[in-house]
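J.:
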Amino acid sequence: MARRRKRKSRRRQEGRRILEHVPQYSIESGEEKPVTAARKFIQAEGILPPALLLVKRNEHTTDRYFWAEKGLFGAQYVEENHFLFPSLRTLEPAPVQESVALVSR
């Protein structure tokens, strides 16, 4: 049997596009848990929100976190619920409105 492709959420795709415009930092977790490493990095570097942190857990796994005014969130949650974060509203692309020319005769 043929496998069906998983449907991609439009809301999540839009959130991913918005997160592309946020500054990204790549770090390694070392011996600590990824979220602890991310929090310590934010504290040490004085990173201001919004920011995306890519924390390498091992050679195969990288965890993604979003640093917002409200705290540290998983990037997937933020992609799906980007409208809940005020700092991302300024980064949203303006909706494109098509102008329709009316021709009167």
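Note that the UniProt record's numbering gives residue 30 to position 30 of the sequence shown, counting from 1, and the numbers run on in steps of one. Every residue, glycine too, gets a C-beta built ideally from N, C-alpha and C. Computed from a prediction, not measured in an experiment: that's the story for all the values here.
Starting from Val55, trace the beta strand (DSSP E) both ways and give me its first and last residue.
T.: Ala51 to Lys56
J.: Pick helix, strand or coil for Gly74, following the three-state DSSP scheme.
T.: Looking at Gly74 - three-state DSSP - the assignment turns out to be strand.
J.: Going straight from the alpha carbon of Glu14 to that of Pro23, what length do you get?
T.: 17 Å
J.: So for Phe66, helix, strand or coil by DSSP?
T.: strand
J.: In three-state terms, what does DSSP make of Ile42?
T.: helix
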